[in-house]
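Asker:
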Amino acid sequence: MQNQEIFSEIQKQRSKMAQTLMELIRIPAIAPENGGEGELKKAEKLTQTLASIGFDKIERHDAPDARVPSKRRPNIVAYYNGLDSAEKLWIVTHLDIVPPGEESLWTVTKPYEPKIKDERIYGRGSEDNTQSMIASIFAVKALKELGVRPKRTISLAFVADEEQGSKHGIQHLIKQNLFKPEDLIIVPDGGEGDGGFIEIAEKSALWFRIRTIGKQAHASRPGMGLNAHRVGMQFALALDKMLHERYSEKDKYFVPPESTIEPTKKQANVDAINIVPGEDAIYFDCRILPCYSLEDVISDINDLAKQFKSKTGADIKFEPVQKTVAPKPTDAKAKIVKMLAEAVRTVRKVEPRIGGIGGGTCAAYFRRIGVPAVVWSTIDETAHQPDEYAKIENLVNDAKVYACLAMS
Ligand SMILES: [Zn+2]
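In terms of the working numbering, the sequence shown opens at residue 8 and continues consecutively.
This is how it looks when you write it as structure tokens:
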């Protein structure tokens, strides 16, 4: 079977792919940390789709989670057997999405009411990660329609909990011993607009909360209290400046080349304007280059907190939310890197670039157990933003890349 025949079969599925993607956007799958019910409803819908395509085997590996109504977080694995079942090609995508954010900023459509405009599908989760999910499914569907068995077994994993640290998702799946060092693993949860970037390394991640404790008071008598919000803002700015100055190294292997340090979420404090807040909290998302130690970063934060405490009298607490030390990168000469590079050349007609990113994908967990994994997809990087979209063209062409990999 020539690639060209498979490509035209995928091309024929274009509108069906777009429709299936939109069906999934209509079912939000938000983590309990963000007030959601988890991924079960979306997983059920997805299972119907998988069953209608005719995979050889569909498994569930749910992780218990008392915080969601169903008490479980679904992880689905679907297999399409190849001629050689010893080696597997895994495509790992995630079911969960991040919340829509400020809804008024969505200008094309509402977050869960997908809409096609200018050959793009708008909606929360369209790019992150449903585009790749649908592309992986339809690569298999095309082979199935043509009655073609791939060279190696294609295993599609659809995991929960990626946006909140993957404990109930890929980490749970890895514990089930499904993955072997000789497997070929793609995590299509990052990439660039021309489909030419293959990620093999990532930065260390440090997410934390800074809690400032002062004393609540009436806003007309601020002297009776200690404004935790003011101290919190001053501390956040000082911390932001200190970390940027101290961790300023650049590594051109990475995109972007420097460590990123961002104050992000601001926790609500008092309900009324006329109350001086006695407590305040702000969060930071830091992606630190592997040349630095996270322990050094943490000790610098604690030192600055101590200084502020003695200067202001407010108590400042550093509370880690996520701390992930970057694993050893995937070897640039690994089989999956070479195969993917060749498939990208064939379909995308670009010369692939191999490097590192800010990270935080499922790939890190594979690298940690010594299984080479790459992150790749073709996206405009609209994830986690209002008006998130997936280009239909990318949906189709990424499916062709997967089919190429399955056959090569
Ligand atoms: Zn993602």
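Glycine included, each C-beta is placed from N, C-alpha and C at the ideal position.
Confirm the yes/no value for this check: CB of A390, any heavy atom of ligand 1, distance under 7 Å.
Answerer: Under cutoff, so the answer is yes.
Asker: Beta strand (DSSP E) containing D125: first to last residue?
Answerer: Where D125 is concerned, there is no enclosing beta strand (DSSP E), given that its DSSP letter is neither H nor E.
Asker: Identify every residue that forms a DSSP beta bridge with S211.
Answerer: Bridge partners of S211: I295.
Asker: Compute the Euclidean distance between the alpha carbons of A226 and V403, then round it to the nearest angstrom.
Answerer: Approximately 58 Å between the Cα atoms of the pair.
Asker: Which class does H225 belong to by DSSP, given the choice of helix, strand or coil?
Answerer: Three-state result, H225: strand.
Asker: Could you check if M231 is buried or exposed, using at least 16 other CB atoms within 10 Å of its CB as the buried criterion?
Answerer: Exposed is the call here.
Asker: Could you have a look at G320 and say whether DSSP puts it in helix, strand or coil?
Answerer: DSSP places G320 in coil when its eight states are reduced to three.
Asker: When you compare the CB positions of G61 and K151, do they come within less than 8 Å of one another, or not?
Answerer: Cβ distance < 8 Å, so G61 and K151 count as in contact.
Asker: So what's A25 in DSSP terms, helix, strand or just coil?
Answerer: Helix.
Asker: Look up L250 in the DSSP assignment and give the residues it is bridged to.
Answerer: Beta-bridge pairing links L250 to no other residue.
Asker: Three or more C-beta pairs closer than 8 Å, one from the stretch 127–143 and one from the stretch 394–410: is that the case here?
Answerer: The stretch 127–143 is in contact with the stretch 394–410.
Asker: Which term fits I217, buried or exposed, when burial requires 16 or more other beta carbons within 10 angstroms of its beta carbon?
Answerer: Label assigned to I217: buried.
Asker: Could you check if C298 is buried or exposed, using at least 16 other CB atoms within 10 Å of its CB as the buried criterion?
Answerer: Exposed, by the Cβ-count rule.
Asker: Which residue spans inside the stretch 33–64 form an unbroken alpha helix (DSSP H) run of at least 4?
Answerer: List check, alpha helix (DSSP H) in window: 47–60.
Asker: Which one or two residues does DSSP pair with E349 in a beta bridge?
Answerer: E349 pairs with nothing; no bridge assigned.
Asker: Any idea if N281 is buried or exposed, counting beta-carbon neighbours within 10 angstroms, 16 or more meaning buried?
Answerer: Under this definition N281 is an exposed residue.
Asker: Quick check: the stretch 30–42 against the stretch 50–65, are there 3 or more CB pairs under 8 Å?
Answerer: The stretch 30–42 is in contact with the stretch 50–65.
Asker: Of the residues K122, C369, A350, A243, which one's Cα is nearest the Cα of T385?
Answerer: Closest by alpha carbon: A350.
Asker: By Cβ distance, which residues of its chain are closer than 8 Å to P229, with the 5 residues on each side in sequence left out?
Answerer: The residues are V283.
Asker: Flag N401 as yes when its Cβ comes closer than 7 Å to any non-hydrogen atom of ligand 1, and as no otherwise.
Answerer: Incorrect: N401 has no Cβ contact closer than 7 Å to ligand 1.
Asker: Does any heavy atom of ligand 1 sit closer than 7 Å to the C-beta of D196?
Answerer: Under cutoff, so the answer is yes.
Asker: How is the beta strand (DSSP E) around H179 delimited, first residue to last?
Answerer: First-last for H179: 177–182, but that is the alpha helix (DSSP H), not the beta strand (DSSP E).
Asker: Exposed or buried, which one is P76 when buried takes at least 16 other CB atoms within 10 Å?
Answerer: It is exposed - the Cβ of P76 has fewer than 16 other Cβ atoms within 10 Å.
Asker: Identify whether A333 lies in helix, strand or coil by the three-state DSSP scheme.
Answerer: Note: A333 maps to coil in three-state DSSP.
Asker: Report all residues from its chain with a CB closer than 8 Å to the CB of K158; omit the five preceding and five following residues, and keep chain order.
Answerer: Cβ within range, chain order: G89, L90, D91, A413, M414, S415.
Asker: Taking the alpha carbon of V328 as the point to measure from, which residue in I289, N10, R237 has its own alpha carbon closest?
Answerer: The candidate whose alpha carbon is nearest that of V328 is I289.
Asker: Among K335, W113, I268, R80, which one has its Cα closest to the Cα of G362?
Answerer: The shortest C-alpha separation from G362 is found at K335.
Asker: Answer yes or no: do P359 and G203 have a C-beta to C-beta separation smaller than 8 Å?
Answerer: Yes; because the gap between Cβ atoms is below 8 Å, this pair is in contact.
Asker: Looking only at its own chain, which residues have a Cβ that is under 6 Å from the Cβ of H391, when we skip the five neighbours before and after it?
Answerer: Answer for H391: V105, listed in chain order.
Asker: Q138 to E269, Cα distance in whole Å?
Answerer: One C-alpha to the other measures close to 27 Å.
Asker: Ligand 1 and E44: does the residue's C-beta get closer than 7 Å to at least one heavy atom of that ligand?
Answerer: Every heavy atom of ligand 1 is 7 Å or more from the Cβ of E44, so no.
Asker: Express the C-alpha separation of L185 and P118 in angstroms, rounding to a whole number.
Answerer: Approximately 34 Å, taken between the alpha carbons.
Asker: Leaving aside the five residues before and after D69 along the sequence, list all residues of the same chain whose C-beta is less than 6 Å from its C-beta, in chain order.
Answerer: Excluding sequence neighbours, D69 sits near R79, P81.
Asker: For A149 versus I13, is the C-beta distance shorter than 8 Å?
Answerer: Yes, Cβ-Cβ distance for A149 and I13 is below 8 Å.
Asker: Can you give the Cα-Cα distance for I83 and D307, rounded to whole angstroms?
Answerer: Near 42 Å, if we compare the C-alpha coordinates of D307 and I83.
Asker: Once the 5 residues before and after A380 are set aside, which same chain residues still bring their CB inside 7 Å of it?
Answerer: Hits under 7 Å: I192, V194, T337, A370, F373, R374.
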